[in-house]
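As structure tokens, the structure follows; a few thoughts come after it.
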Amino acid sequence: MDYSISKTKFGEKPDFEYPLSLFLEEMGEDRLKKLFSDFYDLVVDSDIGNFFPQNEEELEKIKAHNVKFFIEACGGEKNYTKAVGHFDMLKTHEKFSITEKARREWLGCMEEVLRKVDISEGAKQSFWNFLETFSKHTVNVNERLELEDLVVSKG
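Residue numbers for the sequence shown follow the working numbering, so the first one is 825 and each next one is one higher.
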């Protein structure tokens, strides 16, 4: 299993492939829900925990909402689209300042939970490849410019 993470070029919106339906078939919806529950439990305690509600009830709503998206992305029922309509990744994440470092932290939490899942390497790799590329779409802060602004302002 290759959990490598390629660097995002700021502004890049690379093409991606959805995971093989094999991932959902092998996981099943219940295990996928558990995977994301465990994942978000890690995320709220991570360096990017401030992006997520700390209130347990609100966090449970986020988990339920987001797992619908991932079930659909993996070839499952279209419950996310029925509830929300078209998913706009940029619009959903624009209220957060997401850097490449934050993206890597998010992926690191996902890697931790995926390593514990007992499914085929091919199914797991297709899901990781999807997340690794798809997550580049969320990066909306150019760390290099942010650092340059800090240096200039402290000048």
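We put the CB at the ideal spot given by N, CA and C, even for glycine.
Supposed close pair residue i, residue j - CB separation, criterion 8 Å
i: Lys887; j: Phe860; result: 6 Å
i: Met851; j: Gln949; result: Not a contact, Cβ separation roughly 14 Å.
i: Tyr904; j: Leu883; result: Contact flag wrong, Cβ pair sits at about 18 Å.
i: Phe920; j: Pro843; result: Phe920 to Pro843, Cβ: 24 Å. No contact.
Residue i, buried or exposed, once every other Cβ within 10 Å from all chains shown has been counted against 16
i: Glu841; result: exposed
i: Glu924; result: buried
i: Lys960; result: buried
i: Lys833; result: exposed
i: Ala907; result: exposed
i: Lys892; result: buried
Distance, residue j Cα to residue i Cα
i: Glu901; j: Ile895; result: 7 Å
i: Thr916; j: Arg927; result: 15 Å
i: Asp839; j: Val963; result: 15 Å
i: Ala897; j: Ser845; result: 9 Å
i: Glu918; j: Leu931; result: 18 Å
i: Phe958; j: Arg855; result: 22 Å
i: Glu881; j: Lys831; result: 34 Å
i: Lys857; j: Glu967; result: 33 Å
Neighbourhood of residue i by C-beta, 7 Å cutoff - its chain only, sequence neighbours within 5 removed
i: Cys933; result: Phe863, Leu866, Val867 and Ser870
i: Ile922; result: Thr962, Val963, Asn964 and Val965
i: Glu836; result: Lys960
i: Gln878; result: Val868
i: Glu936; result: Leu866
i: Asn890; result: Phe860
Same chain only: Cβ atoms within 8 Å of residue i, ignoring 5 sequence neighbours per side
i: Leu955; result: Leu931 and Met934
i: Ser828; result: Glu956
Spatial neighbours of residue i in its chain, beta-carbon cut-off 6 Å, leaving aside the 5 residues before and after
i: Gly899; result: Ser845 and Leu848
i: Glu929; result: Ser870, Asp871 and Ile872
Cβ pair count under 8 Å reaching 3, the stretch 869-887 against the stretch 937-948: no
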